[in-house]
Every structure is written in C-alpha cells, then in structure tokens.
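Taking this note's numbering, the leading residue of the sequence shown gets 8, the next gets one more, and so forth.
We put the beta carbon where it would ideally sit given N, CA and C, even for glycine.
Below is one structure, written out as structure tokens, with a few remarks after it.
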Amino acid sequence: MGNYKIKVNIEIVESEEGVNESPQEVGEGVFEFNISGAAAESIDACEQALLSTNYPALRSALAHHLETISKKSSKPRHKRGFGS
C-alpha cells in the first residue's frame, strides 16, 4: 500500500451570489459558504464560517477516502489454477 497526500485549499473571494444560511456541497468533499459583506469584515464571523464549512468538507472527503480504501481491499483475488 502506498502513501497518501492530504491537500486542503481554502479560497476567500468576493462574490455576487446570494448569502447562504449554511455551507453548501458543490462537489465531492467541496463545500462553499456565501457570507455577507459585513460578515466578511468580521474576524469572528469569518472564523465561524470557515469552521462551519471545514467540518462537512472533512467528513465528506474522509468518507469518500475510506469508501475507496474499502472497495480496494474487498476486490476478489483470482486464484491461479486450471482454467484461469
């Protein structure tokens, strides 16, 4: 079994999209949380938004990783012999 690399990418960019009440999943292990301009200027609000977005992204990525590992280890091995 090989080694694994864990990568985290956080982007905070200005957006014209509407504000969300909570983080929204936009892809496997990828979540977005659109916050207000006022919240973007508050260190406490930004920190809370980042933490709120981080948790479901981590859980989703970890679940996908473990599912992939489980599928790899459950593949049937072919026995060598007559007719194989």
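State the start and end residues of the unbroken alpha helix (DSSP H) segment that holds residue i.
| i | result |
| --- | --- |
| G44 | G44 to A47 |
Spatial neighbours of residue i within its chain, please: C-beta separation below 7 angstroms, excluding the five flanking residues on both sides.
| i | result |
| --- | --- |
| N27 | F40 and N41 |
Of the residues the options, which one's Cα is nearest the Cα of residue i?
| i | options | result |
| --- | --- | --- |
| T60 | S29, K12 and H72 | S29 |
| A46 | K79, I19 and V15 | I19 |
| G25 | S43, G34, G9 and N10 | S43 |
| Y62 | V33, Y11 and F38 | F38 |
| A64 | G9, I76 and E32 | E32 |
| N10 | K82, H72 and S81 | H72 |
With residue i and residue j assumed to form a contact (beta carbons below 8 angstroms), what rounded beta-carbon distance in angstroms separates them?
| i | j | result |
| --- | --- | --- |
| L57 | I17 | 7 angstroms |
So, helix, strand or coil for residue i, using DSSP?
| i | result |
| --- | --- |
| E54 | helix |
| E24 | coil |
| K14 | coil |
Span of the beta strand (DSSP E) holding residue i?
| i | result |
| --- | --- |
| V37 | V37 to E39 |
| E32 | Q31 to G34 |
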